[in-house]
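*Asks:* Chains as they are written, first to last, in the working numbering: chain A, 1 to 350; chain B, 1 to 350; chain C, 1 to 350; chain D, 1 to 350.
Glycine residues also receive a C-beta, built at the ideal position from the N, C-alpha and C atoms.
The structure presented is a predicted model; accordingly, all values stated were derived computationally and were not measured.
Number of protein chains: 4
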Amino acid sequence: MYSFNNDYSEGACSEIINVLNTSNLCQSVGYGLDEYCESARKRIQKQLHCDSCDVHFVVGGTQCNQIVIASALRPHEAVIAAIGGHINVHETGAIEACGHKVLVGDGSDGKLTGEGVRKVVEAHSDEHMVKPAMVYLSDATEVGTVYTKAELSDLRKVCDEYGLYMYLDGARLPMALVAEDNDVKFDDLQHYCDVCYLGGTKCGALFGEAVVIFNEALKKDFRYQIKQRGGLLAKGRLLGLQFDTLFKDDLYLRLARHAVDMAQRLQQGMIELGISMYVTTTTNQIFPIMNRDLIQHMEKHYLFQSWERLDETHEAVRFVTSWACEEEAVDECLAWIKQAIDENPDIMKQ
Amino acid sequence: MYSFNNDYSEGACSEIINVLNTSNLCQSVGYGLDEYCESARKRIQKQLHCDSCDVHFVVGGTQCNQIVIASALRPHEAVIAAIGGHINVHETGAIEACGHKVLVGDGSDGKLTGEGVRKVVEAHSDEHMVKPAMVYLSDATEVGTVYTKAELSDLRKVCDEYGLYMYLDGARLPMALVAEDNDVKFDDLQHYCDVCYLGGTKCGALFGEAVVIFNEALKKDFRYQIKQRGGLLAKGRLLGLQFDTLFKDDLYLRLARHAVDMAQRLQQGMIELGISMYVTTTTNQIFPIMNRDLIQHMEKHYLFQSWERLDETHEAVRFVTSWACEEEAVDECLAWIKQAIDENPDIMKQ
Amino acid sequence: MYSFNNDYSEGACSEIINVLNTSNLCQSVGYGLDEYCESARKRIQKQLHCDSCDVHFVVGGTQCNQIVIASALRPHEAVIAAIGGHINVHETGAIEACGHKVLVGDGSDGKLTGEGVRKVVEAHSDEHMVKPAMVYLSDATEVGTVYTKAELSDLRKVCDEYGLYMYLDGARLPMALVAEDNDVKFDDLQHYCDVCYLGGTKCGALFGEAVVIFNEALKKDFRYQIKQRGGLLAKGRLLGLQFDTLFKDDLYLRLARHAVDMAQRLQQGMIELGISMYVTTTTNQIFPIMNRDLIQHMEKHYLFQSWERLDETHEAVRFVTSWACEEEAVDECLAWIKQAIDENPDIMKQ
Amino acid sequence: MYSFNNDYSEGACSEIINVLNTSNLCQSVGYGLDEYCESARKRIQKQLHCDSCDVHFVVGGTQCNQIVIASALRPHEAVIAAIGGHINVHETGAIEACGHKVLVGDGSDGKLTGEGVRKVVEAHSDEHMVKPAMVYLSDATEVGTVYTKAELSDLRKVCDEYGLYMYLDGARLPMALVAEDNDVKFDDLQHYCDVCYLGGTKCGALFGEAVVIFNEALKKDFRYQIKQRGGLLAKGRLLGLQFDTLFKDDLYLRLARHAVDMAQRLQQGMIELGISMYVTTTTNQIFPIMNRDLIQHMEKHYLFQSWERLDETHEAVRFVTSWACEEEAVDECLAWIKQAIDENPDIMKQ
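What follows is the structure, encoded as structure tokens:
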């Protein structure tokens with residue numbers, strides 16, 4: 001049964017596996033102070049055109065979010081996120097467990113707007129309420145959409161006006177950067193963000209995310225925060241070698257591009273088969289609307305995720321493709337759907 | 001300048017002041033183990049027709065909420081509140097500071113509904129999300145409305161179905177109990193709530209709230225929680241003597257009735273003067289809609305709170321009366337408004 | 001049964017009770033923004049010869065400690081205390097509940113030394129360990145001893161060297177300031193401390209402590225911290241009027257002097273009766289060593305606290321006197337002991 | 001430069017690397033629900049002779065400690081550890097960051113004793129102090145010593161008497177189990193511990209620890225705790241395949257035995273060269289006492305860790321061997337020391 005369930009179903013790209021194998025028995029110092037990490041840091045700085053940023057590696061995204069947010073905020077300060085923001089819904093209260101409220105800001109298509117942030121800040125006016133101190137964005141968002149430079153710029157302006165940090169969760173950043181409707185580049189990040197992380201888990205690595213700190217005020221004692229939240233990997237070399245590999249020869253974006261191409265091929269194919277989209281995306285997640293009969297039939301052959309019940313007979317579902325997804329798998333899936341429709345046109349009833 | 005700003009502008013009722021004076025130099029043991037506290041506990045148990053409940057006294061309402069919630073929940077568990085619930089907005093993230101997410105449930109007029117709670121619980125289905133474990137209600141609510149027995153019963157049913165604790169924030173419970181449209185009695189509390197607190201600060205005391213624990217599972221080591229959150233008052237006698245006095249000769253409800261009578265007199269008088277209400281309440285908070293010109297004029301003579309901007313020229317404002325509010329003050333206020341209108345009928349323009 | 005159990009057995013001094021009575025029905029704004037608080041702030045600034053310090057009032061000492069420490073430290077930072085420091089033992093882990101480790105520094109007689117602090121700091125050298133960021137002192141200490149200027153100066157030097165905040169818990173500061181062997185004055189506090197609190201509960205008030213912040217870096221958003229930890233008293237006027245009264249006409253130190261005089265009279269009398277002291281103090285706590293037979297006999301007539309078991313037959317116990325303790329009570333106690341000894345000389349066996 | 005600095009300098013054993021390679025592109029479900037994890041759970045249950053225990057996999061040891069302790073304790077509860085216990089010193093306050101105090105119990109050689117635990121519990125008698133609720137042990141300890149069955153039995157008895165959980169940190173458990181002076185077996189764990197973890201990072205894995213929960217009361221909602229603390233690895237298969245491999249064909253203990261053999265060979269060789277030991281261990285950490293001249297000379301050729309300064313000229317240092325350490329490396333090291341001594345006998349001066 002083929003899985004379009006998410007983009008972390010497979011292991012790592014072959015380039016990473018190779019380095020893992022050849023370096024396995026070399027001794028290195030622990031906790032991210034080894035030469036692989038050092039080299040990876042340099043590559044990332046170079047890619048971001050920013051010599052002065054700090055780069056730290058941790059295993060997973062929830063860890064990044066906890067560590068960055070808990071490190072930056074004082075106890076009474078809160079972080080603003082979109083209603084579907086990962087920290088607001090899908091991290092089991094990890095941010096609250098560090099003592100901070102997540103405030104929901106307005107926006108649409110999974111994105112926050114400058115205006116949405118402004119409204120939250122202005123509604124929090126005195127010491128009986130938490131004080132908003134950081135904006136949290138995901139790009140690509142949790143529903144596969146991407147921020148434009150104009151949108152980021154709006155958000156940055158509001159952040160500057162009210163003294164908020166801007167933090168970008170880049171679990172799927174490379175997929176955003178290669179999207180058709182994207183105009184953001186790696187070099188832009190330092191101008192919009194105080195801190196961000198670049199996702200490895202969803203783009204070719206076994207695991208690992210790279211936290212990049214641009215704002216000097218957020219750099220101090222960051223390794224203490226990593227350690228305190230259980231994020232300092234003993235064999236830190238494993239994180240270093242993966243990012244060192246990903247940021248060599250443009251591999252990171254190449255893997256992302258493939259993942260996005262596969263999703264777009266699938267989306268286009270479904271549309272041609274008459275399936276409409278809940279939201280049309282340009283990254284590696286797509287959200288077709290399907291008749292429940294089709295879903296039930298398809299679940300016997302494919303793994304994908306239920307997203308939202310729309311009415312008695314229809315549901316939005318999510319298909320995700322990864323860097324490892326092969327073109328054949330996409331085409332087979334489309335062929336399978338076509339045949340299912342041919343056999344029983346009723347399952348397409350809108 | 002007379003204040004209708006809130007119900008904690010004055011000190012304590014004379015009965016409490018008397019006991020405070022006469023007992024001032026008596027020595028007593030500390031931390032709530034004295035005979036005043038003991039007597040107050042007995043009176044409250046009797047009033048609630050429940051010998052088996054535990055009663056603890058703390059200084060303020062935010063403390064109650066922190067202590068009760070942090071004591072009851074495990075780290076991944078969350079509490080469901082109405083969107084305007086005190087813990088959700090006006091406690092500077094005190095619940096999150098103890099590690100717990102506050103989830104917002106649907107309802108109206110400041111109240112949660114059983115259906116609203118059910119929707120939240122059903123949306124939190126796996127370990128990637130927090131687990132709802134408690135329902136938080138305020139009665140009277142933050143907007144002066146009261147719960148009926150039918151509404152509490154609905155909520156209780158959902159709590160039983162999903163294994164949630166029900167916690168009632170009774171900062172203004174006595175005002176709810178004496179409200180015209182109320183059908184809840186002190187004896188009912190044990191059937192609906194696992195734990196609640198009875199407010200003293202807003203009903204005749206200098207300060208102090210009484211936490212009442214009905215559910216055996218929530219009783220263990222509760223004094224440790226009070227101490228850890230800074231809520232164990234050294235001279236605990238002060239809390240005991242106040243509640244001992246309030247629960248003698250029905251004083252508690254008599255004070256509440258007076259506060260409510262004054263607000264209702266004010267509300268009725270305003271309506272007769274042609275002022276409409278944002279929401280018509282039956283307790284000691286009222287929410288007239290006023291033309292901004294009237295507000296600005298009135299602010300020079302009265303203290304009251306801005307509540308919500310409705311349009312270019314109108315705003316909902318809040319007037320609160322306390323146990324100490326005199327009938328003359330209400331009548332003078334109404335006379336003052338009448339005169340203001342007579343002098344300038346324009347300030348009534350809708 | 002007369003109590004020497006602690007210094008919070010009685011209510012408040014008559015000066016405070018008077019103001020409480022006369023101001024009871026005056027309306028005032030809430031949460032410490034009233035004129036009593038304002039006046040009290042001014043008096044404290046004047047007494048401390050420091051116009052620029054911030055002064056906040058909260059109900060109790062554990063609250064002060066939680067709020068000050070949680071407000072000042074980042075998540076990985078720790079506070080250094082003496083082994084018997086109140087925050088280390090007697091606050092049910094209130095500091096840890098805010099996320100911070102309490103490190104124990106060397107010293108003697110309940111006091112920390114500069115050298116003790118230095119050793120702790122030097123032992124915490126990298127990000128695998130917490131980072132010491134604050135020194136916590138009690139003056140008078142938990143065992144009734146007082147710091148000299150030389151000792152405070154040593155500590156300050158180490159704090160400056162390593163960038164640590166110095167925080168003085170002054171629950172019994174006035175008793176220290178009037179002690180015979182004390183050379184510290186109110187004006188010195190600003191030179192030694194970044195932040196401190198002046199105790200009211202143990203010196204004439206019903207409750208209340210005044211947090212005084214000297215260091216600019218610790219002032220920002222402090223009221224948010226108070227609110228978040230449940231420490232913002234609705235009827236804040238009650239705190240203001242008490243400190244306003246205490247800091248008028250030198251009342252605060254006069255009350256402390258009386259408390260100390262009574263304890264010293266009791267200590268001296270006991271020594272003359274042949275009772276030796278576990279540690280000889282100059283404040284309002286004394287620590288006689290008693291034969292267990294004497295203790296058991298005396299417990300039927302007096303309340304006092306067991307302190308430390310010394311051998312099979314002897315124990316150190318604690319007697320505390322308050323501002324309200326009358327000379328007659330001390331003399332009667334001494335007479336009672338004398339008679340007990342006369343009746344049964346064996347109870348004095350060493 | 002050869003490293004004896006720790007036991008996590010190399011990658012993984014070849015058996016693990018093989019499975020990693022062959023399974024790399026297989027799709028699997030995320031978050032530890034895959035078939036590798038399922039198989040690994042079964043193998044561990046079988047090895048421990050306990051079908052009913054729950055087994056969860058997380059990436060690192062600090063994570064295990066945070067998750068287990070925060071999941072088990074209520075806010076006012078504390079955990080007792082030896083003074084050098086990893087959670088007490090080397091986790092940057094991770095336990096306190098979850099709100100819990102770490103209490104230090106007496107013992108020796110890095111071990112806690114039943115008597116030491118009893119003293120701590122008895123000293124914590126009321127709600128002004130934290131309540132001890134769990135005992136934390138490391139076996140092997142942080143100084144390479146191992147617990148005997150008699151010692152664990154003593155501890156268990158005290159735990160039962162006072163209702164404490166017993167938690168064993170088994171980061172180096174396999175090294176303890178193969179030690180010459182050990183009499184504990186895998187099957188014994190369920191009788192002594194409520195919960196423990198079996199270390200992978202230090203015994204052949206790239207990373208990963210297996211939490212094993214025996215006590216029914218600690219099992220509920222454990223996956224929520226893992227997720228909340230950032231410990232739920234997306235590609236959970238990586239953890240499963242490693243433990244599945246380690247618990248096949250006794251590989252886990254074989255790797256541990258090799259590590260221990262190498263350390264013992266090095267210890268024995270050093271003793272024969274006239275070097276005395278700070279503490280003689282039977283596991284894979286050894287603690288020779290060296291003249292500072294020898295240390296400085298040796299640091300140019302070997303990596304090892306400074307442990308404790310003993311006097312002007314001597315220091316205890318730590319050498320650790322891993323599963324990957326080759327016999328040749330040990331012998332070369334001994335030969336190197338011998339030659340150093342031959343060239344300059346002074347560096348052996350005691």
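Using a C-beta cutoff of 8 Å, does A369 of chain C count as contacting chain D?
*Replies:* One cannot answer for residue 369 of chain C here, as it falls past the ends of chain C, which runs 1 to 350.
*Asks:* Just list the residues that DSSP pairs L137 of chain D with in beta bridges.
*Replies:* Taking the first residue of the fourth sequence as 1, we reach residue 137 of chain D at position 137. Partner(s): D:L168.
*Asks:* Would you check if the distance between the CB atom of Y8 of chain B and the CB atom of I87 of chain B is smaller than 8 Å?
*Replies:* In the second sequence, residue 8 of chain B corresponds to position 8, counting from 1. In the second sequence, residue 87 of chain B corresponds to position 87, counting from 1. Result no, Cβ atoms of Y8 of chain B and I87 of chain B do not sit closer than 8 Å.
*Asks:* Given a cut-off of 8 Å, decide if T141 of chain B and K227 of chain C are closer than it, judged by their beta-carbon atoms.
*Replies:* Taking the third sequence and counting its residues from 1, one reaches residue 227 of chain C at position 227. Taking the second sequence and counting its residues from 1, one reaches residue 141 of chain B at position 141. No, they are not a contact pair.
*Asks:* Can you check the region 273-313 of chain C for any alpha helix (DSSP H) of at least 4 residues that lies completely inside it and give the ranges in chain order?
*Replies:* 292-298
*Asks:* Note down, in chain order, every chain D residue with its Cβ under 7 Å from the Cβ of P224 of chain B.
*Replies:* If you number the second sequence from 1, residue 224 of chain B lands on position 224. One detail in the question is off: residue 224 of chain B reads as Tyr in this sequence, not Pro. Against Y224 of chain B, the close residues of chain D are H76, E127 and K131, in the order they occur along the chain (beta-carbon pairs closer than 7 Å).
*Asks:* If you draw a straight line from the alpha carbon of Y224 of chain C to that of Y36 of chain B, how long is it in whole angstroms?
*Replies:* The count along the third sequence starts at 1 and reaches residue 224 of chain C at position 224. The count along the second sequence starts at 1 and reaches residue 36 of chain B at position 36. In a straight line, the C-alpha of Y224 of chain C is about 33 Å away from that of Y36 of chain B.
*Asks:* Would you say H72 of chain D reaches chain C, if we count a Cβ-Cβ gap shorter than 8 Å as a contact?
*Replies:* As a position in the fourth sequence, residue 72 of chain D is number 72, starting the count at 1. First, the amino acid is wrong: residue 72 of chain D is Ala here, not His. False, the Cβ-Cβ gap to chain C never drops below 8 Å.
*Asks:* According to a CB-to-CB cut-off of less than 7 Å, which residues of the region 211-237 of chain C neighbour chain A?
*Replies:* D221, R223, Y224, Q225, K227 and Q228
*Asks:* Going by the beta-carbon positions, is the gap between G230 of chain C and G30 of chain B smaller than 8 Å?
*Replies:* Taking the third sequence and counting its residues from 1, the one referred to as residue 230 of chain C is at position 230. Taking the second sequence and counting its residues from 1, the one referred to as residue 30 of chain B is at position 30. No, Cβ-Cβ distance for G230 of chain C and G30 of chain B is not below 8 Å.
*Asks:* State yes or no: is the C-beta of D139 of chain D within less than 8 Å of the C-beta of Y147 of chain D?
*Replies:* As a position in the fourth sequence, residue 139 of chain D is number 139, starting the count at 1. As a position in the fourth sequence, residue 147 of chain D is number 147, starting the count at 1. By the CB criterion at 8 Å, D139 of chain D and Y147 of chain D fall inside the cutoff.
*Asks:* So, do the region 318-328 of chain D and the region 6-23 of chain D have three or more beta carbon pairs nearer to each other than 8 Å?
*Replies:* yes
*Asks:* Taking only beta-carbon atoms, is V59 of chain C less than 8 Å away from chain B?
*Replies:* Here residue 59 of chain C refers to the residue found at position 59 when the third sequence is read from its first residue. Yes, V59 of chain C counts as interfacial toward chain B.
*Asks:* Check whether the Cβ atoms of E315 of chain B and E308 of chain B lie closer than 8 Å to each other.
*Replies:* Mapped onto the second sequence, residue 315 of chain B falls at position 315. Mapped onto the second sequence, residue 308 of chain B falls at position 308. Result yes, Cβ atoms of E315 of chain B and E308 of chain B sit closer than 8 Å.
*Asks:* Looking at the C-beta of T245 of chain C, does it have a partner C-beta in chain D at a distance below 8 Å?
*Replies:* Indexing the third sequence from 1 puts residue 245 of chain C at position 245. Closer than 8 Å: no.
*Asks:* Just curious, the alpha helix (DSSP H) that Y197 of chain A is in, first and last residue?
*Replies:* Indexing the first sequence from 1 puts residue 197 of chain A at position 197. No alpha helix (DSSP H) contains Y197 of chain A, which is instead part of the beta strand (DSSP E) from V195 to G199.
*Asks:* Name the residues in the region 78-98 of chain A whose C-beta lies less than 7 Å from a C-beta of chain B; which are they?
*Replies:* The residues in question are A78, V89, H90, T92, G93, E96 and A97.
*Asks:* What does the alpha-carbon distance come out to for the pair V55 of chain B and H191 of chain B?
*Replies:* Indexing the second sequence from 1 puts residue 55 of chain B at position 55. Indexing the second sequence from 1 puts residue 191 of chain B at position 191. Spanning the two alpha carbons is a distance of roughly 16 Å.
*Asks:* Less than 8 Å between the C-beta atoms of H100 of chain A and E180 of chain B, yes or no?
*Replies:* Position 100 of the first sequence, counted from the start, is the residue given in the question as residue 100 of chain A. Position 180 of the second sequence, counted from the start, is the residue given in the question as residue 180 of chain B. For H100 of chain A and E180 of chain B, no; Cβs fall outside 8 Å.
*Asks:* For R254 of chain D and P75 of chain D, I'd like the C-alpha separation in whole angstroms.
*Replies:* Position 254 of the fourth sequence, counted from the start, is the residue given in the question as residue 254 of chain D. Position 75 of the fourth sequence, counted from the start, is the residue given in the question as residue 75 of chain D. Each residue's alpha carbon lies about 41 Å from the other.
*Asks:* Roughly how many angstroms lie between the CA atoms of I213 of chain D and Q296 of chain D, to the nearest whole one?
*Replies:* Counted from its first residue, the fourth sequence places residue 213 of chain D at position 213. Counted from its first residue, the fourth sequence places residue 296 of chain D at position 296. I213 of chain D and Q296 of chain D: Cα-Cα distance of roughly 46 Å.
*Asks:* Short check: CB of I341 of chain C to CB of D293 of chain C, under 8 Å?
*Replies:* Position 341 of the third sequence, counted from the start, is the residue given in the question as residue 341 of chain C. Position 293 of the third sequence, counted from the start, is the residue given in the question as residue 293 of chain C. Not closer than 8 Å, so no.
*Asks:* Between I286 of chain D and A259 of chain D, is the Cβ-Cβ spacing less than 8 Å?
*Replies:* Position 286 of the fourth sequence holds residue 286 of chain D. Position 259 of the fourth sequence holds residue 259 of chain D. Contact: no.
*Asks:* What are the boundary residues of the beta strand (DSSP E) that F57 of chain D is part of?
*Replies:* Reading the fourth sequence from its first residue, position 57 is the one you call residue 57 of chain D. Residues D54 to V58.
*Asks:* Candidates D:E327, D:V158, D:K46 and D:I83: which alpha carbon is nearest G269 of chain D's?
*Replies:* As a first step, residue 269 of chain D must be located in the fourth sequence, where it is residue number 269. Residue D:E327 is the option with its Cα nearest to G269 of chain D.
*Asks:* Note down, in chain order, each residue of its chain lying with its Cβ closer than 8 Å to the Cβ of E332 of chain A, except the 5 sequence neighbours on either side.
*Replies:* Translated into the one-based positions of the first sequence, residue 332 of chain A becomes position 332. These residues qualify, in order along the chain: Y2.
*Asks:* Assuming contact is defined by CB atoms lying nearer than 8 Å, are T145 of chain A and D109 of chain A in contact in what I supplied?
*Replies:* Here the question's residue 145 of chain A lines up with position 145 in the first sequence. Here the question's residue 109 of chain A lines up with position 109 in the first sequence. Yes.
*Asks:* Does S28 of chain D get closer than 8 Å to chain A when you measure Cβ to Cβ?
*Replies:* Position 28 of the fourth sequence, counting from 1, holds the residue named residue 28 of chain D. With 8 Å as the cut-off, S28 of chain D counts as an interface residue toward chain A.
*Asks:* Measuring only between beta-carbons, confirm whether Y136 of chain D sits less than 8 Å from chain A.
*Replies:* What you label residue 136 of chain D is simply residue 136 of the fourth sequence in a count that begins at 1. For Y136 of chain D, the answer is no, since every Cβ of chain A falls outside 8 Å of its Cβ.
*Asks:* Tell me which residue opens and which closes the beta strand (DSSP E) that I347 of chain B is part of.
*Replies:* Translated into positions along the second sequence, residue 347 of chain B becomes position 347. Membership of I347 of chain B in any beta strand (DSSP E) is not indicated, and neither H nor E is assigned to it by DSSP.
*Asks:* List the residues of chain A that H100 of chain B touches, going by C-beta distances under 9 Å, in chain order.
*Replies:* Position 100 of the second sequence, counted from the start, is the residue given in the question as residue 100 of chain B. Within chain A, the residues near H100 of chain B are G93, E96 and A97.
*Asks:* Output, in sequence order along the chain, the residues in the region 16-43 of chain D whose CB is closer than 8 Å to any CB in chain A.
*Replies:* I17, L20, N21, S23, N24, L25, C26, Q27, S28, V29 and G30
*Asks:* Quick one: give me the first and last residue of the alpha helix (DSSP H) that G105 of chain A is part of.
*Replies:* Taking the first residue of the first sequence as position 1, residue 105 of chain A is located at position 105. Counting along the chain, G105 of chain A falls outside any alpha helix (DSSP H), though it belongs to the beta strand (DSSP E) covering V102 to G105.
*Asks:* In terms of DSSP beta bridges, what is I80 of chain D paired with?
*Replies:* For the purposes of this step, residue 80 of chain D is identified with residue 80 of the fourth sequence, where counting begins at 1. In the DSSP output, where bridge partners are listed per residue, I80 of chain D has D:L103 and D:V135.
*Asks:* Nearest-angstrom Cα distance between L112 of chain B and C50 of chain B?
*Replies:* Indexing the second sequence from 1 puts residue 112 of chain B at position 112. Indexing the second sequence from 1 puts residue 50 of chain B at position 50. Each residue's alpha carbon lies about 26 Å from the other.
*Asks:* Just the Cα atoms here: how many angstroms apart are C13 of chain D and L238 of chain A?
*Replies:* Counting from 1 along the fourth sequence, the entry for residue 13 of chain D is found at position 13. Counting from 1 along the first sequence, the entry for residue 238 of chain A is found at position 238. The C-alpha of C13 of chain D lies about 15 Å from the C-alpha of L238 of chain A.
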